[in-house]
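J.:
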Amino acid sequence: MIEILNASQLSRARDTGALVADILGTLRGRVTPGTNLLDIDRWTKEMITEAGALSCYVDYAPSFGRGPFGHYICTGVNDAVLHGRPHDYTLANGDLLSLDLAVSLRGLAADSAISFIVGDARPKESVAMISTTERALAAGIAAARPGARTGDISHAIGTVLGEAGYPVNTEFGGHGIGSTMHQDPHIANTGRPGRGYPLRPGLMLALEPWVMADTADLVFDADGWTLRSATGCRTAHSEHTIAITDEGAEVLTLPRQAR
1 MIEILNASQL SRARDTGALV ADILGTLRGR VTPGTNLLDI DRWTKEMITE AGALSCYVDY
61 APSFGRGPFG HYICTGVNDA VLHGRPHDYT LANGDLLSLD LAVSLRGLAA DSAISFIVGD
121 ARPKESVAMI STTERALAAG IAAARPGART GDISHAIGTV LGEAGYPVNT EFGGHGIGST
181 MHQDPHIANT GRPGRGYPLR PGLMLALEPW VMADTADLVF DADGWTLRSA TGCRTAHSEH
241 TIAITDEGAE VLTLPRQAR
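For the record, in the sequence shown the residue sitting at position 77 is 77 according to UniProt numbering, with numbers rising by one throughout.
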């Protein structure tokens, strides 16, 4: 399913995006060495509930998972890059943490992810990896405009990732979003320009460049959800929800004061 939003729906989606951004910003400010992943999940639940919103994850049960996800946020630590299921783990100084959050408010969903280093350690390789995913995300957003195609976004993202020397996995990537969290079209993190679904105003997309330091291969945890790098190397993930407008791409998952 591919949805094209009208002006009223887009207005509601802006509210959802701002909520997602605010929750992620609050979590980033609270996380310190000694924080448990289950605390992050509990804080997320409290903020979603207080806002009168709904989690897109608690009952999420796609074909590749093992039953409903059962938590409110994805928490990936170090080599865990996607669908990290919160568990009893206490974060340490220097851990690379990725937080991926999708919420629905008044019938419209928004999805965003951030990666950052816990505490005051700054491992050079981890900093570079996070920066690369952020630059790739910015490049994908810049390529998203009416008349372009999904392949143009994929090409822009993949160029940044590839030039930085990272292998690119195409199994999981960006996606359409609207009244549900995951919709068509799929947006791989590398691709050929001029190919794919044509972009038009009202289309909402979640773009999510992610990389693993030295491999493109993933392995599943025993929980059936958490995806890790096959070599145990560190990983990073950045994501925004955008809407295609007549002028280009509007980033919806920014805090209101940053718009």
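All C-beta atoms, glycine included, are put in the ideal place defined by N, C-alpha and C. Remember, it's a predicted structure, so these values are computed and weren't measured experimentally.
Could you check where the beta strand (DSSP E) with S154 kicks off and where it finishes?
T.: To locate residue 154, count along the sequence shown from 1; it is residue 154. Unbroken run through S154 is the alpha helix (DSSP H), 150 to 163; no beta strand (DSSP E).
J.: Give the DSSP-derived three-state secondary structure of S8 in the structure shown.
T.: In the sequence shown, residue 8 corresponds to position 8, counting from 1. If DSSP states are grouped into helix, strand and coil, S8 belongs with the helices.
J.: In whole angstroms, give me the CA-to-CA distance for C56 and A18.
T.: For this step, residue 56 is matched to residue 56 along the sequence shown. For this step, residue 18 is matched to residue 18 along the sequence shown. Cα to Cα, C56 sits roughly 16 Å from A18.
J.: Alpha carbon to alpha carbon, how far is R145 from T44? Give it in angstroms, no decimals.
T.: As a position in the sequence shown, residue 44 is number 44, starting the count at 1. As a position in the sequence shown, residue 145 is number 145, starting the count at 1. T44 and R145: Cα-Cα distance of roughly 33 Å.
J.: By the three-class DSSP mapping on this structure, what secondary structure does I2 have?
T.: Here residue 2 refers to the residue found at position 2 when the sequence shown is read from its first residue. Coil, per DSSP.
J.: Could you tell me whether the segment 125 to 134 touches the segment 37 to 52, using the rule of 3 or more Cβ pairs below 8 Å?
T.: Flag = no, the segment 125 to 134 and the segment 37 to 52 do not touch.
J.: Between L91 and L97, is the Cβ-Cβ spacing less than 8 Å?
T.: For the purposes of this step, residue 91 is taken as the residue at position 91 of the sequence shown. For the purposes of this step, residue 97 is taken as the residue at position 97 of the sequence shown. Yes, Cβ-Cβ distance for L91 and L97 is below 8 Å.
J.: Over the uninterrupted alpha helix (DSSP H) stretch that includes A128, give me the two end residues.
T.: Position 128 of the sequence shown, counted from the first residue, corresponds to residue 128. Looking at the DSSP string, the run of the alpha helix (DSSP H) that includes A128 is 124 to 143.
J.: In this structure, how does DSSP classify residue 268 when only helix, strand and coil are distinguished?
T.: Nothing about residue 268 can be read from this structure; the chain reaches only from 1 to 259.
J.: Give the DSSP-derived three-state secondary structure of E250 in the structure shown.
T.: Taking the first residue of the sequence shown as 1, we reach residue 250 at position 250. Strand, per DSSP.
J.: Does the Cβ of V211 have 16 or more other Cβ atoms within 10 Å, making it buried, or fewer, making it exposed?
T.: Within the sequence shown, numbered from 1, the residue matching residue 211 stands at position 211. Burial call: buried.
J.: Whole angstroms are fine: how far does the CA of A156 sit from the CA of R135?
T.: On the sequence shown, residue 135 is found 135 positions in, with the first residue counted as 1. On the sequence shown, residue 156 is found 156 positions in, with the first residue counted as 1. If you take the alpha carbons of R135 and A156, they lie about 10 Å apart.
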